[in-house]
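S.K.: Take this structure, written in structure tokens, and hold onto it; I'll ask about it next.
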Amino acid sequence: MKSFITEKNMVILGMLCALIGGSAYGASQFMFKQVFKQNIDPLVAVSYALLSGTIILMILNLKSLKKPEKQIPKEAYIYCIIAGICASGGLGFSALALNIAPVVVVSPIFALVPLVTLSLTVIFLKATDQVTKKIWIGATLVVVGVIFIGFGSYQ
Numbered sequence: 332m333k334s335f336i337t338e339k340n341m342v343i344l345g346m347l348c349a350l351i352g353g354s355a356y357g358a359s360q361f362m363f364k365q366v367f368k369q370n371i372d373p374l375v376a377v378s379y380a381l382l383s384g385t386i387i388l389m390i391l392n393l394k395s396l397k398k399p400e401k402q403i404p405k406e407a408y409i410y411c412i413i414a415g416i417c418a419s420g421g422l423g424f425s426a427l428a429l430n431i432a433p434v435v436v437v438s439p440i441f442a443l444v445p446l447v448t449l450s451l452t453v454i455f456l457k458a459t460d461q462v463t464k465k466i467w468i469g470a471t472l473v474v475v476g477v478i479f480i481g482f483g484s485y486q
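Letter 85 of the sequence shown, counting from 1, is numbered 416 in this note's numbering, and no numbers are missing.
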């Protein structure tokens, strides 16, 4: 019997997780816009959002968090901290942008994420992740398309 855990299935699972993650992030932008209609400070809203997300993740990972040294090598902690700072900064600036501009204008600009990720991958992850010319072209087309949609929908 062939094992279900193949490289192809892992890629499909990764794409599915990315789709769910992107959908959740898109929904969060809509939720933030609803919050800002109540004249709530954007950074306060982000703080509550991050706190609630942290609590949920801690509950889901309670078993693993009991012995974190087995889960994360000591040298990886710095990357976790930097990732957290980048994610919270990104969410904070996203919230500020959503508070001062229409969501149809701001949201497509977040489509720059793939280009930033691909650029950092080329610089730091050459050995593990290969970024081909087709990937660059595809990512660029997606970003340009989403930006055109965003600007085209705002009159």
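In this text, a Cβ means the ideal position worked out from N, Cα and C, and glycines have one as well.
What you are looking at is a predicted structure, and each value in this text was computed from that prediction instead of being measured.
Taking Ile431 as the reference, give the member of Val342, Pro373, Met341, Glu338 with the closest Cα.
M.R.: Locating residue 431 in the sequence shown gives position 100, where the first residue counts as 1. Nearest option by C-alpha distance: Pro373.
S.K.: Can you tell me where the alpha helix (DSSP H) holding Asn340 begins and where it ends?
M.R.: Indexing the sequence shown from 1 puts residue 340 at position 9. Start and end: 338-367.
S.K.: Within 8 Å of any Cβ in chain D, is that where the Cβ of Ala380 sits?
M.R.: Absence of chain D from the displayed structure is noted, only one protein chain being present.
S.K.: Name the two residues that bound the continuous alpha helix (DSSP H) containing Lys405.
M.R.: Locating residue 405 in the sequence shown gives position 74, counting from the first residue. DSSP places Lys405 outside any alpha helix (DSSP H), giving it a letter other than H or E.
S.K.: Can you tell me whether Met332 is helix, strand or coil according to DSSP?
M.R.: Locating residue 332 in the sequence shown gives position 1, where the first residue counts as 1. Model confidence at Met332 stands at a pLDDT of 43, short of 50, so the residue's coordinates are unreliable; what they give is reported in the following sentence. Reduced to three states, the DSSP call for Met332 is coil.
S.K.: How about Val473 and Ala442: are their beta carbons less than 8 Å apart?
M.R.: Here residue 473 is taken as the residue at index 142 of the sequence shown, counted from 1. Here residue 442 is taken as the residue at index 111 of the sequence shown, counted from 1. Yes, these two residues count as a Cβ contact at 8 Å.
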